[in-house]
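Peer 1: Numbering (my numbering), first residue to last: 6 to 474. I'd like to ask you about the structure that follows.
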């Protein structure tokens with residue numbers, strides 16, 4: 006009888022969720038959207054957006070490089086580059102990028118592209134609030150970061166897909182709807198990037214990202230892998246890193262036990278969330294991906310805050326989002342800085358149209374591409390912040406443990422070791438596991454955005470991963 010009532014509940018809940026508006030997967034995009042933008046002031050000159058594709062097509066590569074230079078002296082002494090690369094002329098779709106050559110001056114340093122999640126969250130969040138070389142304080146003043154991946158690695162931050170951050174499309178029909186379309190545009194942009202900044206084309210290339218980047222990263226790595234054999238310009242692909250990523254929603258939809266073990270809910274609440282889990286999985290099984298996404302949105306927009314009294318599910322030790330994470334937005338909106346980074350008066354999009362375009366993609370799995378990548382001997386790093394509620398480490402292991410790749414059994418049986426940034430540290434940074442070129446990491450005292458919560462450990466982790474033989 007109880008089983009019948011559960012099935013009946015699932016049926017009526019499915020009818021309910023089929024009628025409500027889809028919510029975004031990642032809370033970051035909505036948080037960014039809620040922050041007021043600094044309006045353009047009369048008399049200010051934001052400059053003009055810099056479109057580099059026409060210079061590339063007419064052979065004016067040196068001019069494109071010179072025009073794209075970003076000078077932030079005296080606060081930041083290193084040279085960087087930014088601008089737009091057009092990925093679809095018919096739609097006038099262009100992706101904005103900001104590139105920081107490695108501070109160590111080594112041209113042959115590995116190049117890491119960072120892809121924020123969302124869908125629709127700007128990678129400028131990663132630049133300013135997580136791993137980039139510059140930060141903004143509460144007074145909207147720019148400062149060099151104390152810890153940055155850029156000290157050893159070239160960093161390329163891209164607002165993508167089109168409609169994210171400063172990236173745009175002139176035609177609403179050209180917003181992406183699948184990860185294949187995401188990869189198509191991103192690959193077109195990367196080929197142009199390496200044609201302009203040609204000295205970096207031979208660098209070891211890693212795709213990195215977090216959250217919904219768990220879909221973007223395998224998509225672009227798979228695209229590069231399949232294009233490289235016949236491509237005139239081959240990207241020197243070496244691997245990928247995903248932090249707290251959405252990869253396989255069906256198997257990751259298992260929030261009740263994680264929240265219960267964290268002490269965030271009681272037994273009765275656990276049973277309710279387990280019912281939502283059954284509902285979401287049934288929706289995915291039936292191909293009703295929007296309904297499954299709506300359930301997820303309801304869980305973290307309403308149910309989580311009502312049950313726990315907390316808004317910020319990215320780190321269960323926090324009640325709300327730290328304001329310092331978003332200090333950079335007024336800075337990039339100021340006309341002086343718009344002019345410096347070559348975006349002119351282009352809109353800084355909140356990503357809502359991106360989320361709408363991808364609403365049928367959010368709850369689909371990309372795990373098969375991860376397996377192919379692992380089986381092709383690329384390096385793979387999957388890491389989790391142990392305080393994350395949105396993508397708890399346990400739900401990440403749900404899909405990793407059943408991933409069908411050549412060394413799955415060895416990975417499950419591998420020893421997990423204690424990890425410290427330095428051997429004489431008292432503090433344990435986390436735990437590591439490795440089989441061949443597949444790496445797993447769990448980071449203590451970190452939530453959904455590991456480089457934000459634990460920048461020292463995050464940098465040490467990515468450094469160990471890239472340096473590992």
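Ideal Cβ positions, reconstructed from N, Cα and C, are used throughout, including at glycine.
In terms of residue numbering, what span does the alpha helix (DSSP H) encompassing residue 404 cover?
Peer 2: Start and end: 398 to 405.
Peer 1: Go ahead and label residue 140 buried or exposed: buried means 16 or more other beta carbons lie within 10 angstroms of its beta carbon, across all protein chains shown.
Peer 2: Buried, since its Cβ has 16 or more Cβ neighbours within 10 Å.
Peer 1: By DSSP, does residue 330 sit in helix, in strand, or in coil?
Peer 2: Note: residue 330 maps to helix in three-state DSSP.
Peer 1: Using three-state DSSP, classify residue 163 as helix, strand or coil.
Peer 2: Residue 163: strand per DSSP, three-state reduction.
Peer 1: Buried or exposed: where does residue 328 fall if 16 or more other Cβ atoms within 10 Å of its Cβ makes it buried?
Peer 2: So residue 328 ends up on the exposed side.
Peer 1: Can you tell me whether DSSP reads residue 198 as helix, strand or coil?
Peer 2: Helix at residue 198.
Peer 1: Using a Cβ-Cβ cutoff of less than 6 Å, which residues in the same chain neighbour residue 463 once the five nearest sequence positions on both sides are dropped?
Peer 2: If we look at residue 463 and ignore the five residues flanking it on each side, its Cβ neighbours are 455, 456.
Peer 1: Among 142, 61, 113, 273, which one has its Cα closest to the Cα of residue 335?
Peer 2: Nearest option by C-alpha distance: 142.
Peer 1: Using the three-state DSSP reduction, which class does residue 95 fall into: helix, strand or coil?
Peer 2: Reduced to three states, the DSSP call for residue 95 is coil.
Peer 1: Locate the alpha helix (DSSP H) running through residue 446, then write down its first and last residues.
Peer 2: From DSSP, residue 446 is part of no alpha helix (DSSP H) but of the beta strand (DSSP E) over 443 to 448.
Peer 1: For residue 220, which beta-bridge partners are listed by DSSP?
Peer 2: In the DSSP output, where bridge partners are listed per residue, residue 220 has none listed.
Peer 1: Round the Cβ separation of residue 244 and residue 203 to the nearest angstrom and send it over; I've been treating them as touching at under 8 Å.
Peer 2: Between residue 203 and residue 244 the Cβ distance is about 22 Å, and since that is not below 8 Å, they are no contact.
Peer 1: Take residue 399 and list the residues in its own chain whose beta-carbon comes closer than 6 Å to its own, dropping the five residues that flank it on each side.
Peer 2: Excluding residues within five positions, the ones whose Cβ falls inside 6 Å are 263.
Peer 1: Going by the beta-carbon positions, is the gap between residue 481 and residue 385 smaller than 9 Å?
Peer 2: In the structure displayed, the chain extends from 6 to 474; residue 481 sits before or after that span and is not available.
Peer 1: Determine the closest residue to residue 354 out of 325, 173, 422, 394, with distance taken between C-alpha atoms.
Peer 2: With distances taken between Cα atoms, residue 354 lies closest to 173.
Peer 1: Please classify residue 422: is it buried, with 16 or more other beta-carbons within 10 angstroms of its beta-carbon, or exposed?
Peer 2: Residue 422 comes out exposed.
Peer 1: Which residues in the same chain have their Cβ closer than 8 Å to the Cβ of residue 278, if we skip the five residues on either side of it in sequence?
Peer 2: So the qualifying residues of the chain are 260, 261, 264, 270, 304, 308.
Peer 1: Measuring straight from C-alpha to C-alpha, what distance separates residue 387 and residue 446?
Peer 2: About 6 Å.
Peer 1: Less than 9 Å separating the beta-carbons of residue 347 and residue 54?
Peer 2: Taking 9 Å as the Cβ cut-off, residue 347 and residue 54 qualify as a contacting pair.
Peer 1: When DSSP labels each residue in this structure, what does residue 246 get in the three-state scheme?
Peer 2: It is a strand residue.
Peer 1: Would you say the stretch 116 to 136 touches the stretch 349 to 363, given that touching needs at least three Cβ pairs under 8 Å?
Peer 2: Segments in contact, yes.
Peer 1: Nearest to residue 389 by CA position, among 466, 349, 376, 315, is which residue?
Peer 2: The option with the nearest alpha carbon to residue 389 is 466.
Peer 1: Have a look at residue 340 and residue 393 and give me their C-alpha separation to the nearest angstrom.
Peer 2: Whole-angstrom Cα-Cα distance: 36 Å.
Peer 1: The beta strand (DSSP E) spanning residue 384 covers which residue range?
Peer 2: Run containing residue 384: 384 to 390, per the beta strand (DSSP E) assignment.
Peer 1: Is it buried or exposed, residue 184, if we count other Cβ atoms within 10 angstroms and call 16 or more buried?
Peer 2: By the neighbour-count rule (16 or more Cβ atoms within 10 Å), residue 184 is buried.
Peer 1: Using a Cβ-Cβ cut-off of 7 Å (strictly less than) and excluding sequence neighbours within five positions of residue 201, which residues of its own chain qualify?
Peer 2: Cβ within range, chain order: 57, 61, 66, 69, 70.
Peer 1: Have a look at 147, 78, 197 and flag the residue whose alpha-carbon is nearest the alpha-carbon of residue 64.
Peer 2: Comparing Cα positions, the closest option is 197.
Peer 1: Give me the Cβ distance between residue 101 and residue 132, rounded to the nearest whole Å; I'm assuming they're in contact under 8 Å.
Peer 2: At roughly 12 Å, the Cβ-Cβ gap does not stay under 8 Å, so residue 101 and residue 132 are not in contact.
Peer 1: Please state the DSSP three-state secondary structure of residue 154.
Peer 2: Here residue 154 sits in helix by DSSP.
Peer 1: Could you tell me which whole alpha helix (DSSP H) segments of length 4 or greater appear in the stretch 252 to 291?
Peer 2: Counting whole runs of 4 or more residues, the stretch 252 to 291 contains the alpha helix (DSSP H) stretches 254 to 257, 260 to 266, 272 to 290.
Peer 1: Note down, in chain order, each residue of its chain lying with its Cβ closer than 6 Å to the Cβ of residue 437, except the 5 sequence neighbours on either side.
Peer 2: So the list reads 422, 424, 446, once near-sequence residues are dropped.
Peer 1: Am I right that residue 238 and residue 206 are in contact with their C-beta atoms under 8 Å? What's the rounded C-beta distance?
Peer 2: Between residue 206 and residue 238 the Cβ distance is about 7 Å, and since that is below 8 Å, they are a contact.
Peer 1: From residue 219 to residue 371, what does the alpha carbon distance come to, in whole angstroms?
Peer 2: C-alpha separation (whole angstroms): 8 Å.
Peer 1: Kindly confirm or deny that the stretch 286 to 300 and the stretch 241 to 257 touch, where touching means at least three C-beta pairs closer than 8 Å.
Peer 2: Because the criterion of three Cβ pairs below 8 Å is met, the stretch 286 to 300 and the stretch 241 to 257 touch.
Peer 1: Quick check on the burial criterion: 16 or more other C-beta atoms within 10 angstroms. Buried or exposed for residue 418?
Peer 2: Exposed, since its Cβ has fewer than 16 Cβ neighbours within 10 Å.
Peer 1: Quick test of your reading: residue 319 and residue 452, contact by CB under 8 Å. State the CB separation rounded to the nearest angstrom.
Peer 2: Confirmed, about 5 Å.
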